[in-house]
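Following: one structure in structure tokens, then a few remarks.
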Amino acid sequence: ASDYITTVVIVPFLEILQREAPHIRLDISLPSDDSMEQLSNGGIDLLLSPEEFLVSDHPRELLFEERHVVVGWSGNPLMREPLTVEGFLNSGHVAVQIGHRNSFIEREFEAQGRERRIEITAPSFIQAPWLIPGTMRLALMHERLAKIVAPAASLTIAEPPIDLPVMQEMMQYHASRERDEAVIWLRQQLLQVVRRSA
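Numbering (my numbering), first residue to last: 118 to 315.
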């Protein structure tokens, strides 16, 4: 799970874990180039990831859908009015790249043939918003994460001026664990967390 998923799903899940299964141990690792291999060889019980990063030969289940929003410093004059495509693309941006993998949003920009002026590349979704306050830079962020971080970082949230698809955040597990009671329980609990926060 990424730091974004850890923040918006795993953190609220820990309360359930403390109450209902206090002796379970979680070992959370960031997605990497070998995550798919680890899933396929049984080294990972559950992978939480956007759909396009999953392998095709193991079961998957929708965890939730996520929109992307624009965030900018509350003192940025651009954030006081609806964003235009020109203003958005001409601003400096903070982007996220985990390892050598482009994020969902970077892949979408490539697919649309759009370019923006990336001034800072952060290695995690949690770092990105803290690189914006006091600057004129913008970032595209997951809406759930933006709502958590914006008040503390003096950020304003705005609608993107370009069409962006909704991201499908999925759970994937090894086919041999489809009937594993522990994995079933874990998936059910994570779905409950998401439903409660919707």
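Glycine residues also receive a C-beta, built at the ideal position from the N, C-alpha and C atoms.
In whole angstroms, what is the alpha-carbon distance linking residue i and residue j?
i: T252; j: F242; result: 18 Å
i: S271; j: A239; result: 19 Å
i: E260; j: D120; result: 14 Å
i: D297; j: E169; result: 25 Å
i: I145; j: L134; result: 14 Å
i: M284; j: L257; result: 13 Å
i: A267; j: P250; result: 10 Å
i: L255; j: E223; result: 14 Å
i: I160; j: E203; result: In the sequence as displayed, the identity of residue 160 is Gly instead of Ile. Cα to Cα, the separation comes out at about 46 Å.
Under a three-way DSSP split, which group does residue i fall into?
i: F181; result: strand
i: R218; result: strand
i: G230; result: coil
i: V283; result: coil
i: A138; result: coil
i: V266; result: helix
i: G160; result: coil
i: G189; result: strand
i: Q244; result: coil
What are the boundary residues of the beta strand (DSSP E) that residue i is part of?
i: V213; result: G209 to I215
i: S146; result: That residue, S146, is in no beta strand (DSSP E); it is neither H nor E in DSSP.
i: A166; result: First, the residue type needs correcting, since residue 166 is Ser and not Ala in the sequence shown. That run of the beta strand (DSSP E) goes L164 to P167.
i: I274; result: L272 to A275
i: M258; result: L255 to H259
Find the nearest neighbour of residue i within the set the options, judged by alpha-carbon distance.
i: A228; options: D280, I127 and Q289; result: D280
i: L179; options: M287, V311, R313 and L308; result: M287
i: E232; options: D150, L165, S208 and W247; result: S208
i: N219; options: T124, S191 and D150; result: D150
i: D174; options: L248, I237, H291 and R312; result: H291
Pull up the CB-CB distance for residue i and residue j, whole angstroms please, since I reckon it's below 8 Å.
i: I235; j: H210; result: 5 Å
i: V300; j: L195; result: So it is not a contact: roughly 46 Å between Cβ atoms.
i: F130; j: Q306; result: 6 Å
i: I274; j: V188; result: 6 Å
i: P278; j: F205; result: 5 Å
i: P167; j: E225; result: That belief does not hold up - the Cβ atoms of P167 and E225 are roughly 10 Å apart, past 8 Å.
i: L171; j: Q309; result: Not confirmed; about 22 Å, so no contact.
Check for me: the alpha helix (DSSP H) holding residue i runs from which residue to which?
i: R234; result: No alpha helix (DSSP H) holds R234; the beta strand (DSSP E) holding it covers R234 to A239.
i: L303; result: E298 to S314
Please confirm whether any heavy atom of the ligand ATP lies closer than 6 Å to the CB of residue i.
i: E183; result: With respect to the ligand ATP, the structure shown offers nothing to examine, as it has no ligands at all.
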